[in-house]
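The sequence shown runs 286 to 708 under our numbering. Where a beta carbon is used, it is the ideal one built from N, C-alpha and C, also for glycine. As structure tokens, the structure follows; a few thoughts come after it.
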Amino acid sequence: MSVTLILGLQWGDEGKGKIVDLLAEDYEYIVRFNGGDNAGHTVRKGDEEFKLHLVPSGVFYPDKTKVIGNGVVVNPETLVSEIEMAESRGYPMKRLFVSSDAHIVLSWHKIMDGALEQTGKIGTTKKGIGPAYSDKASRTYSIRACDLLLPEKELKEKLLRIAAHKKKLFSALGFPDFDSESVVSGLMKSAITIRPHVADTQFILNDAIAKGKSVLLEGAQGALLDIDHGTFPYVTSSNTTSGAGCTGTGIPPQKIHSVVGIAKAYTTRVGEGPFPTELTGSLGEEIRKVGAEFGTTTGRPRRCGWLDLVVLRYTCMINGVTEIALTKLDVLSNLKEIKVAVAYEIVGKKTENFPLDLPRLAKAVPVYETLPGWEGDITKCTSLADLPKNARKYVEYVENKLGTPVKIVSVGPKREETILVNP
Ligand code: GDP
Ligand code: IMO
Ligand code: MG
Numbered sequence: 286m287s288v289t290l291i292l293g294l295q296w297g298d299e300g301k302g303k304i305v306d307l308l309a310e311d312y313e314y315i316v317r318f319n320g321g322d323n324a325g326h327t328v329r330k331g332d333e334e335f336k337l338h339l340v341p342s343g344v345f346y347p348d349k350t351k352v353i354g355n356g357v358v359v360n361p362e363t364l365v366s367e368i369e370m371a372e373s374r375g376y377p378m379k380r381l382f383v384s385s386d387a388h389i390v391l392s393w394h395k396i397m398d399g400a401l402e403q404t405g406k407i408g409t410t411k412k413g414i415g416p417a418y419s420d421k422a423s424r425t426y427s428i429r430a431c432d433l434l435l436p437e438k439e440l441k442e443k444l445l446r447i448a449a450h451k452k453k454l455f456s457a458l459g460f461p462d463f464d465s466e467s468v469v470s471g472l473m474k475s476a477i478t479i480r481p482h483v484a485d486t487q488f489i490l491n492d493a494i495a496k497g498k499s500v501l502l503e504g505a506q507g508a509l510l511d512i513d514h515g516t517f518p519y520v521t522s523s524n525t526t527s528g529a530g531c532t533g534t535g536i537p538p539q540k541i542h543s544v545v546g547i548a549k550a551y552t553t554r555v556g557e558g559p560f561p562t563e564l565t566g567s568l569g570e571e572i573r574k575v576g577a578e579f580g581t582t583t584g585r586p587r588r589c590g591w592l593d594l595v596v597l598r599y600t601c602m603i604n605g606v607t608e609i610a611l612t613k614l615d616v617l618s619n620l621k622e623i624k625v626a627v628a629y630e631i632v633g634k635k636t637e638n639f640p641l642d643l644p645r646l647a648k649a650v651p652v653y654e655t656l657p658g659w660e661g662d663i664t665k666c667t668s669l670a671d672l673p674k675n676a677r678k679y680v681e682y683v684e685n686k687l688g689t690p691v692k693i694v695s696v697g698p699k700r701e702e703t704i705l706v707n708p
């Protein structure tokens with residue numbers, strides 16, 4: 286029996302989908318616990334690929350149970366289209382459960398997200414995630430998956446009451462209008478597909494654990510996008526850190542045995558906000574090209590930069606990371622030298638602690654150590670011994686600096702392009 290939590294240690298897109306898909310083979314339950322369809326997780330099996338936004342990255346395993354936990358905000362249209370897409374491609378979704386407590390993202394959330402972006406730019410995915418979590422927190426104007434089980438008349442009345450409030454608010458703020466009836470009819474249509482999947486997942490998961498079943502918890506986004514611990518306000522609106530694995534599922538903390546932190550061998554970020562090791566010149570562009578660093582959800586070019594150990598020390602600490610998966614090492618091949626930030630200098634003062642407020646972070650100048658690069662294609666390497674000496678040294682360097690074992694090294698997007706260290 287084991288419960289393992291996987292999360293991103295940077296600003297998202299670390300390759301969580303690939304690693305969840307890889308590890309899912311040994312688990313019976315695969316569970317998303319936070320975020321919504323702002324996430325974009327890529328999974329590959331042979332030549333087949335899915336870009337998943339809500340359905341957990343266990344899609345290639347029809348017999349395993351997939352759970353969308355209570356901490357997730359669910360866009361019904363996205364969910365229906367993912368269920369239909371997976372089933373049409375031969376991956377039944379009978380064993381998909383959606384927490385009855387998960388809140389629903391509606392089209393007014395998206396309108397509000399877009400309108401708010403015009404007043405203060407965070408660079409959101411415009412999926413309505415912030416407004417949906419705001420409504421959840423403010424309690425009065427949100428509906429949950431359990432509401433989809435209400436008699437249709439009751440659900441309709443509830444929706445129209447919220448719609449009337451939103452209309453008043455939007456009109457006062459000058460936000461674009463929407464058609465209440467089409468929101469209602471859209472949700473009624475999606476509800477037909479979603480209803481059979483709605484369940485009390487807290488019980489499903491705890492019963493499974495009590496019976497000795499294994500559970501894999503899949504985080505969305507990355508630790509520095511966490512609303513409490515990230516680079517506020519340039520963050521998402523949920524907790525992306527390991528504690529959310531408990532609050533977003535109902536699994537108690539002492540049941541979680543290991544926390545796998547995923548770190549890209551370099552750093553990327555989509556959207557606005559500070560990024561001390563960002564490479565704004567041609568080298569950043571080259572990494573973007575080689576790493577195909579374009580947003581899975583929005584297609585936006587990702588900002589690229591060197592690996593930042595100040596970030597990783599902090600995110601390993603706050604998440605209780607027990608092991609690391611280092612991804613996209615292949616992307617760094619053929620560089621003459623590779624830099625890694627080991628500290629920051631802030632107005633002449635050196636620190637190894639990640640600054641937790643924006644003004645200090647904005648002034649942070651990375652202190653780099655330079656490592657020698659390596660040449661050639663490493664995507665076929667299946668053990669650390671297969672790697673060129675300097676690539677192996679890079680992995681050892683990261684492991685030593687973080688004091689946390691690197692158990693997985695990913696050298697390409699495919700499942701088999703992976704090195705399991707001492708499997
Ligand atoms: P996630 O949001 O953390 O699941 O990551 P994304 O799927 O948004 O972005 C990661 C991208 O890198 C995807 O296109 C993956 O197929 C790809 N990928 C994952 N691991 C590797 C790797 O080790 N090497 C390369 N070259 N690509 C990878
Ligand atoms: P995965 O799970 C990368 C970023 C957005 C923006 C900020 C707030 O694929 O790693 P939001 O729409 O959440 O209100 O946007 O968060 N962001 C992500 N960046 N990967 C993600 O998910 C992200 N989800 C949100 O770009 O900067
Ligand atoms: Mg992604």
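Work out the CA separation of residue 692 and residue 560 for me, nearest whole Å.
-> If I take the Cα positions, the gap works out to 27 angstroms.
Residue 417: beta carbon under 6 angstroms from a heavy atom of the ligand IMO?
-> For the ligand IMO, not one heavy atom lies less than 6 angstroms from the Cβ of residue 417.
To the nearest whole angstrom, what separates the beta carbons of residue 592 and residue 550, a pair I think is in contact under 8 angstroms?
-> A Cβ-Cβ distance of about 6 angstroms is found for the pair residue 592 and residue 550, placing them in contact under the 8 angstroms criterion.
Could you tell me the distance, in whole angstroms, from the CA atom of residue 503 to the CA atom of residue 633?
-> Distance between the alpha carbons of residue 503 and residue 633: 40 angstroms.
So, using beta-carbon positions, are residue 547 and residue 304 closer together than 7 angstroms?
-> In this structure, the beta-carbon distance from residue 547 to residue 304 falls below 7 angstroms.
Does the stretch 399-417 touch the stretch 365-378, meaning 3 or more C-beta pairs lie closer than 8 angstroms?
-> Segments in contact, no.
Count the other CB atoms within 10 Å of the CB of residue 467; is the residue buried (16 or more) or exposed (fewer)?
-> By the 16-neighbour rule on beta-carbons within 10 angstroms, residue 467 is exposed.
Among 515, 389, 420 and 453, which residue has its Cα nearest to the Cα of residue 440?
-> Nearest in C-alpha terms to residue 440, of all of 515, 389, 420 and 453, is 389.
Check each candidate in 612, 512 and 538 and name the one with the smallest Cα separation from residue 553.
-> Answer by Cα proximity: 612.
In chain order, what residues of the same chain lie with their CB nearer than 6 angstroms to the CB of residue 650, ignoring the 5 residues before and after it?
-> Answer for residue 650: 630, listed in chain order.
Quick one: measure Cβ to Cβ for residue 572 and residue 616, integer angstroms, because I've assumed they're closer than 8 angstroms.
-> With 8 angstroms as the limit, residue 572 and residue 616 qualify as a contact, their Cβ atoms being about 6 angstroms apart.
On the three-state DSSP scale, how would you describe residue 585?
-> Assignment of residue 585 by DSSP, reduced to helix, strand and coil, places it in the coil class.
Identify which residue in 699, 296, 471 and 703 has its Cα closest to the Cα of residue 333.
-> Closest option to residue 333, Cα to Cα, is 699.
From the DSSP output, which residues share a beta bridge with residue 703?
-> Residue pairing of residue 703 in beta bridges, as defined by DSSP: 695.
Limits of the unbroken alpha helix (DSSP H) element including residue 415 = Where residue 415 is concerned, the enclosing alpha helix (DSSP H) stretches over 414-423.
Which of helix, strand or coil does DSSP assign to residue 481?
-> Residue 481: helix per DSSP, three-state reduction.
Measure the C-alpha to C-alpha separation of residue 497 and residue 568 and round it to an integer number of angstroms.
-> As the crow flies, the alpha-carbon of residue 497 is around 49 angstroms from that of residue 568.
On the premise that residue 292 lies in contact with residue 526, defined as a C-beta separation below 8 angstroms, what is that separation, rounded to the nearest angstrom?
-> Contact holds; Cβ gap of about 7 angstroms.
Please report the Cβ distance between residue 421 and residue 398, rounded to the nearest whole angstrom; I am assuming they are in contact, meaning their Cβ atoms lie under 8 angstroms.
-> Taking the Cβ atoms as the reference, residue 421 lies roughly 14 angstroms from residue 398, outside the contact range of under 8 angstroms.
Please name the residue, chosen from 597, 642 and 541, that lies closest to residue 627 on a Cα-to-Cα basis.
-> Of 597, 642 and 541, the residue nearest in Cα terms is 597.
Starting from residue 376, follow the beta strand (DSSP E) in both directions and report where the run begins and ends.
-> Note, residue 376: premise wrong, no beta strand (DSSP E); not H, not E.
DSSP bridge partner residues for residue 579 (one or two, in chain order) = BP columns for residue 579 point to 586.
In chain order, which continuous runs of the alpha helix (DSSP H) of length 4 or greater are located wholly inside the stretch 455-541?
-> As far as the stretch 455-541 is concerned, its whole alpha helix (DSSP H) runs of at least 4 residues are 465-479, 486-495 and 529-532.
So, residue 371 versus residue 343, is the Cβ gap smaller than 7 angstroms?
-> Against a cut-off of 7 angstroms, the Cβ pair of residue 343 and residue 371 comes out as no contact.
Taking C-beta to C-beta, are residue 318 and residue 584 nearer than 7 angstroms?
-> Not a contact, by the Cβ cut-off of 7 angstroms.
Can you check DSSP and say which residues form a bridge with residue 653?
-> DSSP lists 626 as partners of residue 653.
If you draw a straight line from the alpha carbon of residue 331 to that of residue 312, how long is it in whole angstroms?
-> Residue 312 has its alpha-carbon roughly 20 angstroms from the corresponding atom of residue 331.
Reducing DSSP to helix, strand and coil, say where residue 338 ends up.
-> Assignment of residue 338 by DSSP, reduced to helix, strand and coil, places it in the coil class.
Quick one: using the 10 Å Cβ neighbour count with 16 as the cut-off for buried, is residue 638 buried or exposed?
-> By the neighbour-count rule (16 or more Cβ atoms within 10 Å), residue 638 is not buried but exposed.
Enclosing beta strand (DSSP E) for residue 553 [first to last residue] = Segment 552-554, the beta strand (DSSP E) holding residue 553.
Cα separation between residue 386 and residue 429?
-> Approximately 6 angstroms between the Cα atoms of the pair.
Range covered by the beta strand (DSSP E) that runs through residue 292 | Run containing residue 292: 288-293, per the beta strand (DSSP E) assignment.
Which partner residues of residue 317 appear in the DSSP bridge assignment?
-> Under DSSP, residue 317 takes part in a beta bridge, and its partners are 353 and 503.
Other residues of its chain near residue 482: CB distance less than 7 angstroms, five sequence neighbours each side excluded = By the criterion of a C-beta distance shorter than 7 angstroms, residue 482 is surrounded in its chain by 381, 382 and 383, once the five residues flanking it on both sides are discounted.
Can you round the beta-carbon distance between residue 594 and residue 625 to whole angstroms, since I take them to be within the 8 angstroms contact cut?
-> Residue 594 to residue 625, Cβ: 6 angstroms. Contact.
By how many angstroms is the C-alpha of residue 518 removed from the C-alpha of residue 437?
-> The alpha-carbon atoms of residue 437 and residue 518 are separated by roughly 39 angstroms.
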